Every structure is written in structure tokens, then in C-alpha cells.
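The sequence shown runs contiguously to residue 213 in the numbering used here. So the structure is just underneath, and the comments pick up after that.
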Amino acid sequence: MKISAKARYGVRLMMVLARNYGSGPIFLKDIAKKEEISEKYLGQIVIPLRGAGLVLSSRGAHGGYMLAREPSEINLKQIVDILEGDCLVRCIKDPSACTRVRTCASRDIWMLLGGKISETLGSVSLAELNDMGRRKMATGRRRRIMKRENPER
Numbered sequence: 061m062k063i064s065a066k067a068r069y070g071v072r073l074m075m076v077l078a079r080n081y082g083s084g085p086i087f088l089k090d091i092a093k094k095e096e097i098s099e100k101y102l103g104q105i106v107i108p109l110r111g112a113g114l115v116l117s118s119r120g121a122h123g124g125y126m127l128a129r130e131p132s133e134i135n136l137k138q139i140v141d142i143l144e145g146d147c148l149v150r151c152i153k154d155p156s157a158c159t160r161v162r163t164c165a166s167r168d169i170w171m172l173l174g175g176k177i178s179e180t181l182g183s184v185s186l187a188e189l190n191d192m193g194r195r196k197m198a199t200g201r202r203r204r205i206m207k208r209e210n211p212e213r
């Protein structure tokens, strides 16, 4: 299974907005530069997020993008569902999509897997994901410092 670049970049975009929450709008070009993602592609990603009410935008010299709600109120499932859709296999959501739906054992597995993915993504907010990122950054810094102090390690 593969999560698309659109969903991955969308999560990264939302993480930047979450880190910036409460500080006003941030320009898409600044996010693109920081995250090393094409500004044009981010522009395509932000449209459905704004349409779904997760992102606000404003024009002008002090314009840009910001979260519409607190980072703790937005989870990864919301973001991925907006950018990817909410099911792995079409027959999960639309049983009429397949004539074998009543006898297909693999559909049960796809339903189980889809449920676990939804549960996991739904259990992680942007605030929690940013906390995880901060801890990883701090751990990485400590390792670099220790390596400089003890080069034989």
C-alpha cells in the first residue's frame, strides 16, 4: 500500500500551519521553500483543505494561509480523507461496485485494514504529530552533540 505524495505533502503543509498556529497567516512560498515542495503543487493541495474548512486564506501583503481550528482539533484522518478519499477499495464504500461483494473473502480484509488505518490516522492530531517531531529533532540534536564530543562513538 502506498500513500500518495499529495497526502504526504498535505500533512507536511498542515504541520507547518500547526507550528505557526496563532502567529497569523504564512505565505505558501515560505512553506514550499521550508518543506522543499513545489509552490505550485502546494497550491493544488491547499484548495481542497480550504474547501473542507481546515485552512483559512487571506490576500494581500499580510495574507497567506493558516489553520481554521486549533491543531489539537484536526487529525490526520481528516487531512488524508480530504486529499485521498476515505476508502482503500471501492467496494468497501459502494458494494454495488463489485458483483462478488457477497462472496468475496478479501473484501473483509480490506474492510478490516481500512478500519485500522482510519482508527490510527484519526487518533493522531496535528498537535500530537508536531510534538512527536519536536522530540525527534531534540533527540537528533543530542546525538550530533554527543558525536562531536565523543568522535570515537
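Beta carbons: idealized from backbone N, C-alpha and C, even for Gly. These figures come from a predicted structure and were not determined experimentally.
Local Cβ density within 10 Å of residue i, reported as buried at 16 or more and exposed below that
i           : result
residue 197 : exposed
residue 161 : exposed
residue 63  : exposed
residue 67  : buried
residue 192 : exposed
residue 172 : exposed
residue 211 : exposed
residue 70  : buried
residue 205 : exposed
residue 142 : buried
residue 107 : exposed
Inter-residue Cα distance where the pair is residue i and residue j
i           : j           : result
residue 77  : residue 164 : 43 Å
residue 124 : residue 170 : 39 Å
residue 98  : residue 92  : 6 Å
residue 105 : residue 209 : 43 Å
residue 89  : residue 134 : 23 Å
residue 157 : residue 182 : 26 Å
residue 85  : residue 199 : 29 Å
residue 101 : residue 203 : 34 Å
residue 180 : residue 154 : 23 Å
residue 126 : residue 118 : 9 Å
residue 81  : residue 189 : 14 Å
residue 132 : residue 159 : 42 Å
residue 116 : residue 207 : 43 Å
residue 96  : residue 79  : 17 Å
Limits of the unbroken beta strand (DSSP E) element including residue i
i           : result
residue 115 : 115-118
residue 136 : Segment 136-144 is the alpha helix (DSSP H) holding residue 136; no beta strand (DSSP E) there.
Secondary structure of residue i, DSSP reduced to three states
i           : result
residue 185 : strand
residue 69  : helix
residue 190 : helix
residue 124 : strand
residue 169 : helix
residue 63  : coil
residue 76  : helix
Endpoints, alpha helix (DSSP H) assigned at residue i
i           : result
residue 101 : 99-111
residue 152 : 150-153
residue 92  : 88-95
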